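Numbering (the numbering used here) for the sequence shown: 1 to 395.
Here a beta-carbon is modelled for each residue, glycine too, at the ideal position from N, C-alpha and C.
Fair warning: this is a prediction, and the values are worked out from it, not measured in the lab.
See below for the structure under consideration.
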Amino acid sequence: MRRHIKGNVSWVGYIDWELESFHGDDYSIYNGSSQNAYLIEEGKTVLVDTVWTPHRFEFVENLRKEIDLSRIDYVIANHGECDHSGSLTSLMAELKPGTPIYCTANAVKSIEGQYGKQGWNFQVVKTGDELDIGNGKKLIFVEMRMLHWPDSMATFMTGDNILFSNDAFGQHFAVEELFNDRADQCLLWKEAMKYFANILNPFAALCAKKIDEIKALNLPIEMIAPSHGAIWRDNPMQIVEKYAEWSKAYQENQITIAYDTMWEGTAKIAHRIAEEIAAQSPDTVVKVFNIAKSDKNEVMTEVFKSKAIAVGSPTIVNSILAGVAGWLEFAKQLKFKGKRAAAFGCYGWSGESVKVLKEKLADAGFAVVEENVRCMWTPEEADFADVPAMVEKLL
């Protein structure tokens, strides 16, 4: 069902209330999501993006109810990932032969890499290229390389001044009301930050440069229509300003403690560290997570907010628990900047876990403090003597 957005622009996407994970099972979803596609009906009829492969038949049939598909003049593929391009195989079979697909050169590679060479009429564009769509309006293309794929771009529509931003400025969040001013504000901003922290933060430096580039284009943006989540119509630049803030080694006055434990010794250290942070700095927010029992994306969002972290594991087979090792590998992928870290853990025999944790934290880009907490077997009160000095360094 089409939903009016502005002027002659409609939303024709798919709201996915049942979606529980994304990127395989690598990204958790608790509040649904959407794949947003848009239909422009000016002198030319333009479809901006499609929806994910599992919903392709429903998408095409719903679109057919709204418009004679032969009327579609152009397709804009802002990104080749299958949650946006997944309906192309079904859609293009219904359109006029030779209907052009406007996208970046890298998008041609990714689309053909996923769906094979279909003989589609790709029209390659780059930043600043324009497409006249009639009635005095045009589309201006802006490459968004590595936000978050090499093929990504955004499309700006003059006249209505809408930026179709694809994965930038989105959220995995089902908003039946469509618009940011109608959405639950707590969930909106929580999901927007989670999305940035877990998907876009590895490219934060590029994001900061791209925001400066977009501002330099002096586009009169009145609405930002991303490909997931709420459409920003109320003060749309607020999300751009947030991205500018988040992309510059963002941190709040928060420390996150993440650990796994075998027989609760390492857990006891984690809880004592939390108590000590509260004692030394009552204004500092403290979050404590058992890595084995907590959603990694939710935890990494808290790490993103933190100025420092403490990570704990007992020693097992001269190393650390596999869950902690995998968690640290994920932290490395996210490329956090400007954050301190400390290590802690228990052992019964060889005791290498703290050393291994320090090495892995440093490899993940954290500034690791020398101070640590390391004890044999279950910690007793004397074993907590090193906690205050370590906390002082993290603060």
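- THR378 has its alpha-carbon roughly 43 Å from the corresponding atom of PHE173.
- Assignment of beta-bridge partners to GLU130 by DSSP yields ILE140.
- For SER350, the secondary structure class from DSSP, reduced to helix, strand or coil, is coil.
- In the DSSP annotation of this structure, LYS335 is not part of any alpha helix (DSSP H), being labelled neither H nor E.
- Secondary structure of MET193 (DSSP, three-state): helix.
- Relative to the Cα of ASP26, the nearest Cα in the group ASN135, GLY338 and TYR195 belongs to TYR195.
- The beta carbons of ASN36 and ASN198 sit about 19 Å from each other, so the pair does not count as a contact at 8 Å.
- Contact check for ARG3 and LEU178: beta-carbon distance about 6 Å, within the 8 Å limit, so the pair qualifies.
- Sequence-distant Cβ neighbours of GLY134 in its own chain, meaning closer than 8 Å and more than five residues away, are GLU42, GLY43 and LYS44.
- LYS117 sits in coil when the DSSP states are folded into three classes, being neither helix nor strand.
- In the DSSP secondary-structure assignment, PHE304 is not bridged to any residue.
- By the beta-carbon neighbour count (other beta carbons within 10 angstroms, threshold 16), GLU66 is exposed.
- Contact check for LEU147 and LEU200: beta-carbon distance about 6 Å, within the 8 Å limit, so the pair qualifies.
- Scanning the region 37–116 from its first residue to its last, the whole beta strand (DSSP E) runs of 3-plus residues come out as 38–41, 45–48, 74–76 and 100–103.
- The three-state secondary structure of PRO220, taken from DSSP, is coil.
- For LYS6, there is no enclosing alpha helix (DSSP H); the residue is found in the beta strand (DSSP E) stretching over 3–6.
- Under the three-state reduction of DSSP, VAL324 is assigned to helix.
- Scanning ASP83, PHE122, SER227 and ASP184 for the CA closest to the CA of ALA154 turns up SER227.
- For the options TRP17, LYS126, VAL317 and GLN333, the alpha carbon positioned closest to that of PHE304 is the one of GLN333.
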